[in-house]
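To start, the structure under review is shown below, and the notes come after it.
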Amino acid sequence: MTRFDQIKASFWSDSPHGRQPPLTHQAARDAECALGVKLPAALLELLWIQNGGVVADEWCSYPTSDPTSWAEDHVPFECVMGIGRVEANLSLLDTPYLVGEWDLPAHIVLLAGDGHSWIALDYRASGPRGEPSVTWFDADTQTELPLAPDFRSFVEGLTRDATSPTDEVEEVWRRPGLDELDSIWNHAADYGADGEAPEGTPPGIVQLSYLLRVHNSAMGGGLGFAVEANEPYRLKRAMDAMRYFGLAELAELIADVIEHDLDGDHAESRNDDLKALLGPRDEALTTAFRVKAADSPADFGLR
Numbered sequence: 007m008t009r010f011d012q013i014k015a016s017f018w019s020d021s022p023h024g025r026q027p028p029l030t031h032q033a034a035r036d037a038e039c040a041l042g043v044k045l046p047a048a049l050l051e052l053l054w055i056q057n058g059g060v061v062a063d064e065w066c067s068y069p070t071s072d073p074t075s076w077a078e079d080h081v082p083f084e085c086v087m088g089i090g091r092v093e094a095n096l097s098l099l100d101t102p103y104l105v106g107e108w109d110l111p112a113h114i115v116l117l118a119g120d121g122h123s124w125i126a127l128d129y130r131a132s133g134p135r136g137e138p139s140v141t142w143f144d145a146d147t148q149t150e151l152p153l154a155p156d157f158r159s160f161v162e163g164l165t166r167d168a169t170s171p172t173d174e175v176e177e178v179w180r181r182p183g184l185d186e187l188d189s190i191w192n193h194a195a196d197y198g199a200d201g202e203a204p205e206g207t208p209p210g211i212v213q214l215s216y217l218l219r220v221h222n223s224a225m226g227g228g229l230g231f232a233v234e235a236n237e238p239y240r241l242k243r244a245m246d247a248m249r250y251f252g253l254a255e256l257a258e259l260i261a262d263v264i265e266h267d268l269d270g271d272h273a274e275s276r277n278d279d280l281k282a283l284l285g286p287r288d289e290a291l292t293t294a295f296r297v298k299a300a301d302s303p304a305d306f307g308l309r
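According to this note's numbering, the residues represented by the sequence shown are 7 to 309, in order.
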């Protein structure tokens with residue numbers, strides 16, 4: 007068994023977040039036609055098993071020899087886009103829109119990312135029918151880093167992310183009862199993508215799910231996309247959740263974009279404000295969550 011086959015067997019996590027309906031041959035052909043490229047066979051092998059979603063912890067990081075805005079020695083590969091049109095889930099088919107929204111190069115197909123940075127199939131050298139390389143693109147700094155000569159090699163190089171929490175929140179992580187924060191965050195993200203948290207979910211997790219639904223939409227497609235893709239009641243819930251976590255400025259930013267919801271240029275002009283409020287790797291958001299969980303553990307089902 008090759009290393010690719012070994013990784014393929016345990017590549018996907020159990021999380022439903024980010025999944026598209028099971029892939030069909032017709033959907034794969036339609037995607038290649040829409041994107042104007044031949045997708046790598048190795049990528050399709052993974053998508054036949056599960057059509058996008060969260061990558062298992064063992065394979066959610068790719069080591070790098072050069073530093074990036076993400077880390078000194080690796081980039082994340084935590085969630086892979088599938089092929090489909092499930093609401094609130096990004097898809098390979100969203101590439102043309104996202105490339106334009108985030109001012110990325112032409113002739114690429116996005117695989118994973120959050121708006122600040124992306125991992126993509128890079129067809130600039132291979133041409134649309136060739137075997138693309140895999141490249142990291144930083145939308146904030148307009149830089150890029152070649153990762154692997156082809157997608158199969160990229161998968162074979164994946165490893166577990168062994169990084170520790172950031173210095174700003176290390177003290178919070180050490181407090182008793184907060185070892186479940188990763189799990190809480192992931193559940194909230196799943197509930198946000200699904201639309202509703204199950205009955206009986208602790209209120210803090212419910213609030214986080216409201217916030218993450220709109221946040222993840224904005225990270226994928228920009229503020230204009232987030233306002234367009236989410237119903238007014240979801241936007242209101244998200245803004246209330248932002249205030250619950252002490253992120254009033256973020257709520258005011260969303261309110262401003264809603265007020266100008268027919269002005270796409272205004273929404274685009276405020277994307278930089280969003281990045282400034284969230285900080286590198288969305289640290290303002292993650293810190294607010296961890297501090298709230300430390301201050302009000304019962305709201306998150308913590309002891």
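All residues carry an ideal CB built from backbone N, CA and C; glycine is no exception.
Contact set for residue i: own chain, Cβ-Cβ below 8 Å, skip 5 residues either direction
{"i": "Asn57", "result": "Arg25, Gln26, Pro27, Pro28, Leu29, Gly88, Ile89 and Gly90"}
{"i": "Thr62", "result": "The residue you asked about is not Thr; residue 62 is Ala in the sequence shown. If we look at Ala62 and ignore the five residues flanking it on each side, its Cβ neighbours are Ser16, Phe17, Trp18 and Ser19."}
{"i": "Val81", "result": "Ser67, Tyr68, Thr70, Thr74, Ser123, Ile125, Trp142, Leu151 and Leu153"}
{"i": "Asp109", "result": "Ala145 and Gln148"}
{"i": "Val105", "result": "Pro111, Ala112, Ile114 and Leu116"}
{"i": "Ala261", "result": "Met245"}
{"i": "Gly42", "result": "Pro134"}
{"i": "Leu229", "result": "Leu259, Ile260, Val263, Ala273, Glu274, Arg276, Asn277 and Leu280"}
Nearest-angstrom Cα separation, counted from residue j out to residue i
{"i": "Ser75", "j": "Ala34", "result": "33 Å"}
{"i": "Asp167", "j": "Glu84", "result": "10 Å"}
{"i": "Arg181", "j": "Ala300", "result": "Note that Arg181 has pLDDT 43, beneath the 50 cutoff, so the model's placement of it is unreliable and the number below is only indicative. Taking the straight line joining both Cα atoms gives about 7 Å."}
{"i": "Ala203", "j": "Arg130", "result": "42 Å"}
{"i": "Leu98", "j": "Phe10", "result": "22 Å"}
{"i": "Val298", "j": "Ala48", "result": "Correcting the residue identity first, residue 298 is Lys in this sequence and not Val. The straight-line gap from Cα to Cα measures roughly 42 Å."}
{"i": "Leu241", "j": "Met248", "result": "10 Å"}
{"i": "Ser159", "j": "His272", "result": "41 Å"}
{"i": "Asp72", "j": "Ile264", "result": "40 Å"}
{"i": "Ala195", "j": "Glu38", "result": "29 Å"}
{"i": "Val233", "j": "Leu187", "result": "28 Å"}
{"i": "Leu53", "j": "Val60", "result": "12 Å"}
{"i": "Trp191", "j": "Ala235", "result": "22 Å"}
{"i": "Leu253", "j": "Val86", "result": "29 Å"}
{"i": "Ala118", "j": "Ala199", "result": "16 Å"}
Neighbourhood of residue i by C-beta, 7 Å cutoff - its chain only, sequence neighbours within 5 removed
{"i": "Leu284", "result": "Ala290 and Leu291"}
{"i": "Leu259", "result": "Arg276, Asp279, Leu280 and Leu283"}
{"i": "Glu51", "result": "Lys14"}
{"i": "Glu177", "result": "With a pLDDT of 43 at Glu177, under the threshold of 50, the modelled position of that residue is not reliable, and no figure is offered here."}
{"i": "Pro208", "result": "Asp305, Phe306 and Gly307"}
Residue i: first and last residue of the uninterrupted beta strand (DSSP E) it sits in
{"i": "Gly119", "result": "Ile114 to Gly119"}
{"i": "Glu202", "result": "Here Glu202 belongs to no beta strand (DSSP E), and DSSP marks it neither H nor E."}
{"i": "Glu234", "result": "Glu234 -> not in any beta strand (DSSP E); alpha helix (DSSP H) instead, spanning Leu229 to Ala235."}
{"i": "Trp124", "result": "Ser123 to Asp128"}
{"i": "Asp144", "result": "Ser139 to Asp144"}
{"i": "Thr70", "result": "Looking at the DSSP string, Thr70 is not in any beta strand (DSSP E), and its letter there is neither H nor E."}
Own chain partners of residue i with C-beta closer than 6 Å, once the 5 adjacent residues on each side are dropped
{"i": "Pro46", "result": "Phe157"}
{"i": "Phe251", "result": "Ala294 and Lys298"}
{"i": "Asp120", "result": "Met225"}
{"i": "Glu162", "result": "Arg9 and Phe10"}
{"i": "Pro155", "result": "Ser139"}
Burial state of residue i, where buried means 16 or more other Cβ atoms lie within 10 Å
{"i": "His31", "result": "exposed"}
{"i": "Phe239", "result": "Just to set this straight, residue 239 is Tyr in the shown sequence, not Phe. That one is exposed."}
{"i": "Pro111", "result": "exposed"}
{"i": "Ile13", "result": "buried"}
{"i": "Gly136", "result": "exposed"}
{"i": "Pro138", "result": "buried"}
{"i": "Thr8", "result": "exposed"}
{"i": "Ile55", "result": "exposed"}
{"i": "Glu107", "result": "buried"}
{"i": "Thr165", "result": "exposed"}
{"i": "Ala40", "result": "exposed"}
{"i": "Ser223", "result": "buried"}
{"i": "Ala257", "result": "buried"}
{"i": "Gly226", "result": "buried"}
{"i": "Asp128", "result": "buried"}
{"i": "Gly210", "result": "buried"}
Start-to-end residues for the alpha helix (DSSP H) that takes in residue i
{"i": "Phe157", "result": "Phe157 to Glu162"}
{"i": "Thr293", "result": "Glu289 to Asp301"}
{"i": "Phe10", "result": "Arg9 to Ala15"}
{"i": "Trp54", "result": "Ala47 to Ile55"}
{"i": "Pro134", "result": "Here Pro134 belongs to no alpha helix (DSSP H), and DSSP marks it neither H nor E."}
Minimum Cβ-Cβ distance from residue i to chain D less than 8 Å
{"i": "Leu151", "result": "The structure shown contains no chain D; it holds only a single protein chain."}
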